[in-house]
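Following my numbering, the numbering of the sequence shown begins with 278 at its first residue and continues without gaps. Don't be surprised by glycine CBs; every beta carbon is placed ideally from N, CA and C. These notes are about the structure you will find just below.
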Amino acid sequence: MAEETGLPPNHRYITTHTSNGASVFLDSIPADVPTQPIREDVNFQLMYTTSEFPTDMNGDADVKRYQQFLQGEKPGLTIKRGSVLRVVNFAPDLNGEAAIMHRTVSIDYGIVVAGEIEASLDSGQKRLLSPGDIVIQRGTNHSWRNASTIKWARMVFVLQDALPIQISSTTLGEDYGGIPNVQPSS
């Protein structure tokens, strides 16, 4: 992936306990994380997930569920009653194409770690984000776009399931806006 994007590869290290209670790094899941192409200009890396709150870590129950997602059954952008840790790589914006406006029923912490990202809301408001900038995305209709025409950009997202937003008598549900290769949230 580093060759394609110019970004350093990501590695994920998961901890657990031995039968004696000592803290150790889990060996059953490799540190290298597979990349899931979403579109030609965006790819995901599913770093970790939980499927319940509070999370049951006994007997590595959470790890076993995460392994199911790694072995083929991909989650939606969010997981009901759970959380998602995802890295998203954005290709340079070569054609000025508008990013896909979408909404999740979640509270998301989006952290720019490389490049510059333009965050847009359906009101027309925009912010140019640099490494270290964080967006707390609270169930709003939004999009992300790489502001560069030459360098890849990367964001890290933590998505936590939330109750749907109620505006007057309208419930704002999940709307992927046509993002390809992503399942509805479970």
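- Assigned with DSSP and collapsed to three states, A338 falls in helix.
- Residue range V319 to T327 is occupied by the beta strand (DSSP E) that includes Y325.
- Annotated as distal: N458 and I356, with beta-carbon spacing of 8 Å or more.
- Just measuring C-alpha positions, the residue of N366, T417 and Y343 sitting nearest S400 is T417.
- Rounded to whole angstroms, the gap between the alpha carbons of N372 and L303 is 43 Å.
- In this structure, the beta-carbon distance from N320 to P369 does not fall below 8 Å.
- In the displayed model, E395 falls within a strand according to three-state DSSP.
- With a beta-carbon spacing of about 7 Å, I394 and F367 fall inside the 8 Å limit used to define contacts.
- With respect to E451, V382 sits close: the two C-beta atoms are nearer than 8 Å.
- Ranking P441, E350, R404 and V365 by CA distance to the CA of Q460 puts E350 first.
- Under the three-state reduction of DSSP output, F330 falls in the coil class, being neither helix nor strand.
- Residue P307 holds the alpha-carbon nearest to the alpha-carbon of N287 among P307, S420 and A299.
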